[in-house]
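Asks: Per our numbering: the sequence shown ends with 577, consecutive numbering throughout. Handing you a structure now.
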Amino acid sequence: MADATRLRHLVLVLGDQLDRGASAFDGFDAARDAVWMAEVDEESTHVPSSKPRTAMFLSAMRHFAHELRDEGLALHYRHLDDPANRHTLAGELEAAVQTLKPQRLVMTEPGEWRVREALADAAQRLGVPLEIRADRHFLASVDEFAAHAKARKGLRMEFFYREMRRRHRVLMDGGEPCGGQWNYDADNREAFDARGPGFVPPRPTFAPDAITRDVIDLVNRRFADHPGSLDSFAWPVTRAQALRALDTFVDERLESFGRFQDAMWPGQPWLYHSHLSAALNLKLLHPREVIDRAEAAYRDGRVPLASAEGFIRQILGWREYVRGIYWTRMPGYLALNALDAHQPLPAFYWRGDAPMACLADAIGSTLAHGYAHHIQRLMVTGLYALLLGVAPQDVHAWYLAVYVDAVEWVELPNTLGMSQYGDGGLMASKPYAASGKYLDRMSPYCKGCRFDPAKAIGDDACPFTTLYWDFLARHERRFAAHPRMALQVKNLARLSATERAAIAARAEHLRARDGTP
61 MADATRLRHL
71 VLVLGDQLDR
81 GASAFDGFDA
91 ARDAVWMAEV
101 DEESTHVPSS
111 KPRTAMFLSA
121 MRHFAHELRD
131 EGLALHYRHL
141 DDPANRHTLA
151 GELEAAVQTL
161 KPQRLVMTEP
171 GEWRVREALA
181 DAAQRLGVPL
191 EIRADRHFLA
201 SVDEFAAHAK
211 ARKGLRMEFF
221 YREMRRRHRV
231 LMDGGEPCGG
241 QWNYDADNRE
251 AFDARGPGFV
261 PPRPTFAPDA
271 ITRDVIDLVN
281 RRFADHPGSL
291 DSFAWPVTRA
301 QALRALDTFV
311 DERLESFGRF
321 QDAMWPGQPW
331 LYHSHLSAAL
341 NLKLLHPREV
351 IDRAEAAYRD
361 GRVPLASAEG
371 FIRQILGWRE
381 YVRGIYWTRM
391 PGYLALNALD
401 AHQPLPAFYW
411 RGDAPMACLA
421 DAIGSTLAHG
431 YAHHIQRLMV
441 TGLYALLLGV
451 APQDVHAWYL
461 AVYVDAVEWV
471 ELPNTLGMSQ
481 YGDGGLMASK
491 PYAASGKYLD
501 RMSPYCKGCR
511 FDPAKAIGDD
521 ACPFTTLYWD
531 FLARHERRFA
541 AHPRMALQVK
551 NLARLSATER
561 AAIAARAEHL
571 RARDGTP
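Spelled out as structure tokens, the structure:
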């Protein structure tokens, strides 16, 4: 017979589960249950988590803990600088169980395989049942995604996205997509003209309160040698702030988001993007409410369909798709390296002193803010690593470390799969390989850079262009018959044997010099 005075459920809440409506809280009885949260070094050191990323997690956790206490919930919270801290989640859970002796542990599905396995192993060692509940913060369950994948010979996000649109009645007019087509990518690829973006409504910023200031001081002391800066930290760290950020984006920037979502401009990291991914991934916002706000803006005539659809596709399509890929393919997915890439990541990714203007800007804003928009990640930092032949696991570790929105379920497939083609085409149907001419077309970076995007050979040749041709040459046999790459590979025939040899030599020089010309 169970002891009526013994703690019934210890509800485990991780740093990316800051939602009072999460499944772990279902049936919570304030008289018999308690909540457990822990800040540990391990979560900032298994990769060298940047200062903005660590501060984002810790500040949001502490604010959520404050809300739970205000609600009157029993909360057992371990601070990072507590002398008794064991500095691993498993170690802290063991300490809590030994003290509190709960009958059962309850948690929502973690966002990282490593964390789930560590906590499950700890619970087993301790002899305490661990109940892992589904994460309702997504519109497709892992089982639903697995069923979708099983019914098809090959996976493609576009078909998954259309299925999600139909199932959840998003941007649908009866049985047909709004506007008569599913995808408005063709309308959403504009670059800025020579005048640049002009006035862009500013993103909302949130001045650090006392809790966040304490976190900033702690991170600067404890992780002084980690990359990044907290001088401009102003991210939303509460649900109220996240809702304000959502309102501001929909009301002020969504209208132009679609048209310019792939555009870049020096010194302008924010542009028309939403900057909501961190709030979504920490569960301060629910994807359905974000999708509904964007669709309502279209239905009300406030934003064009192409902008609403392009934004919704990122959440209802890509975000759900990458989660399905992650949980149906782990743990083996992490080891994939289809292109047999083994070059180390250039050190300037951590320092920010890249010699190319585009890379310097994208990495600089990443280290300063913990942020770069999706095209900078895919077609600047990711593209260079792909062309250089960097080991996809090294690229993954960097992306997981530096961005405030990085949780492994979303970061790993986007990086190893989509950006680096490490999964051989599971995430993306082709490698996102391009020369410096793409960057010249989508931005003015090349005009302020000492390298010429039209040249592949010579001291002033753009490293992107040199490495693009070298990438095609190195993988010529693999992609010669590829339906989306064959034309690019055929272009190698325009190069003479002398040019190909010179390109290969310059590419090898770049690799030998840590990616630096």
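Glycine residues also receive a C-beta, built at the ideal position from the N, C-alpha and C atoms.
Please state if the CB of V95 and the CB of L133 are separated by a distance shorter than 8 angstroms.
Replies: Yes, the Cβ-Cβ distance between L133 and V95 is below 8 angstroms.
Asks: Are the stretch 315 to 325 and the stretch 360 to 371 in contact at 8 angstroms, needing three or more beta carbon pairs?
Replies: With the cut-off at 8 angstroms, the stretch 315 to 325 and the stretch 360 to 371 touch.
Asks: With distance defined between alpha-carbon atoms, name the residue in A451, R383, I372 and A356 nearest to D400.
Replies: The option with the nearest alpha carbon to D400 is A451.
Asks: Who are T168's beta bridge partners in DSSP?
Replies: Partner(s): R193.
Asks: Can you list the alpha helix (DSSP H) stretches of 4 or more residues lying completely in the stretch 243 to 325, in chain order?
Replies: Segments of the alpha helix (DSSP H) lying fully in the stretch 243 to 325: 270 to 282, 299 to 312 and 314 to 317.
Asks: Comparing alpha-carbon positions, which option in A305, A246 and A323 lies nearest G258?
Replies: With distances taken between Cα atoms, G258 lies closest to A323.
Asks: In this structure, what does DSSP give as the bridge partners for A521?
Replies: Paired residue(s): D512.
Asks: Could you pull out every residue in the same chain whose Cβ sits closer than 7 angstroms to the Cβ of A180, ignoring the five residues on either side in sequence?
Replies: Around A180: L190.
Asks: Kindly give me the distance between the Cβ atoms of M167 and L303, rounded to whole angstroms, as I take these residues to be in contact under 8 angstroms.
Replies: Not a contact, Cβ separation roughly 25 angstroms.
Asks: Alpha carbon to alpha carbon, how far is A150 from T65? Give it in angstroms, no decimals.
Replies: In a straight line, the C-alpha of T65 is about 26 angstroms away from that of A150.
Asks: Around the C-beta of F219, are 16 or more other C-beta atoms found within 10 angstroms, so that it is buried, or is it exposed?
Replies: That one is exposed.
Asks: What does the alpha-carbon distance come out to for the pair R554 and R544?
Replies: Computed Cα separation, rounded: 19 angstroms.
Asks: Whole alpha helix (DSSP H) runs in the stretch 86 to 122 with 4 or more residues, listed along the chain?
Replies: Fully enclosed alpha helix (DSSP H) runs of 4 or longer: 102 to 105.
Asks: Cα separation between A395 and R389?
Replies: Spanning the two alpha carbons is a distance of roughly 11 angstroms.
Asks: Using only alpha-carbon positions, find the residue among E236, A125 and W387 that is nearest to Q194.
Replies: Contrary to the premise, residue 194 reads as Ala rather than Gln in this sequence. It is W387.
Asks: If you count every other CB in all the chains shown that lies within 10 Å of the CB of A561, and 16 or more means buried, which is it?
Replies: Result: exposed.
Asks: Would you please state the rounded distance, in angstroms, between the beta carbons of R373 and Y221? I believe it to be under 8 angstroms.
Replies: R373 to Y221, Cβ: 6 angstroms. Contact.
Asks: Compute the Euclidean distance between the alpha carbons of F408 and G424, then round it to the nearest angstrom.
Replies: Looking at the two C-alpha atoms, the distance is approximately 10 angstroms.
Asks: With C-beta atoms as the reference, is G370 less than 8 angstroms away from Y463?
Replies: Going by C-beta atoms, G370 is not nearer than 8 angstroms to Y463.
Asks: May I ask you to report which of helix, strand or coil DSSP gives D233?
Replies: Of the three classes helix, strand and coil, the one that applies to D233 here is strand, per DSSP.
Asks: Would you kindly report the start and end of the unbroken alpha helix (DSSP H) that includes H69?
Replies: Unbroken run through H69 is the beta strand (DSSP E), H69 to L72; no alpha helix (DSSP H).
Asks: Let's see if you can read the secondary structure: which residues bound the alpha helix (DSSP H) around R573?
Replies: Element bounds for R573: n/a, residue is neither H nor E.
Asks: Considering only the beta carbon of each residue, do Q403 and R571 sit closer than 8 angstroms?
Replies: Against a cut-off of 8 angstroms, the Cβ pair of R571 and Q403 comes out as a contact.
Asks: Unbroken alpha helix (DSSP H) runs of length 4 or more, entirely within the stretch 438 to 479: which are they?
Replies: Listed in chain order, the complete alpha helix (DSSP H) runs (minimum 4 residues) inside the stretch 438 to 479 are 442 to 448, 452 to 462 and 468 to 472.
Asks: Would you grab the beta carbon distance between H286 and K111 for me? Rounded to a whole angstrom, and I think it's under 8 angstroms.
Replies: With 8 angstroms as the limit, H286 and K111 qualify as a contact, their Cβ atoms being about 6 angstroms apart.
Asks: Consult DSSP for R146 and reduce its assignment to one of helix, strand or coil.
Replies: Note: R146 maps to coil in three-state DSSP.
Asks: How long is the line joining the alpha carbons of R313 and D307, rounded to whole angstroms?
Replies: Computed Cα separation, rounded: 10 angstroms.
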